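Please read the structure below before turning to the comments.
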Amino acid sequence: MEQDYTGLTPKLEQIIRAFEFTQIELVVYRDRGYAQGRGVGQPEEDRCALACTFLAKAVLDLKTTRALIDRLKADSKLRRLCGFDLRHTLPSESTFSRAFEEFASSELMQRVHARMIKDTLGEQLIGHISRDSTA
72 MEQDYTGLTP
82 KLEQIIRAFE
92 FTQIELVVYR
102 DRGYAQGRGV
112 GQPEEDRCAL
122 ACTFLAKAVL
132 DLKTTRALID
142 RLKADSKLRR
152 LCGFDLRHTL
162 PSESTFSRAF
172 EEFASSELMQ
182 RVHARMIKDT
192 LGEQLIGHIS
202 RDSTA
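Taken in order, the sequence shown gives residues 72 to 206; the numbers are from this note's numbering.
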């Protein structure tokens, strides 16, 4: 991936590592049923790109969706990393807000975290010893 992006900032490199580590798109594709037919009507914005921006917003510590959109407009590398085509306009602020609400209410990040733990540890038990410092 780095060969496509020269001159990455440390924060953009951190976002790439977060995408690789969490594999957030796997959970989104599974949840949204992209393997199945999507039905009729206007197509939804790409939920994987929106989920990637949800994660990037956290990594960049951006407080508002407006700040995220402004950053995406100004930073073509971030825009490409998140999966948005440079030739098309970004989704509206309300689209981002609806998607972020959907991710929060569906506990997307908690499910990503649970999948990461299961993939890493499987059925293995985590043992630990607690010691009292006064003993």
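Even for Gly, the Cβ is constructed at its ideal location relative to N, Cα and C. All of these numbers come straight from a predicted model, not from anything done at the bench.
Contact between the stretch 155 to 163 and the stretch 131 to 138 (3+ Cβ pairs under 8 angstroms): By the Cβ test, the stretch 155 to 163 is not in contact with the stretch 131 to 138, since fewer than three Cβ pairs between them sit closer than 8 angstroms.
Start and end residues, alpha helix (DSSP H) containing proline 162: DSSP places proline 162 outside any alpha helix (DSSP H), giving it a letter other than H or E.
Phenylalanine 90 to threonine 124 span [Cα, whole Å]: Roughly 10 angstroms separates the two Cα atoms.
Closest residue to serine 165 among Ile200, Val98 and Thr136 (Cα-Cα distance): That would be Thr136, whose Cα lies nearest to the Cα of serine 165.
Which of the three DSSP states is assigned to leucine 152 in this structure? Leucine 152 carries a helical assignment under DSSP once its states are collapsed to helix, strand and coil.
Within the continuous alpha helix (DSSP H) that includes leucine 121, where are the two ends? Per DSSP, leucine 121 belongs to the alpha helix (DSSP H) from 118 to 130.
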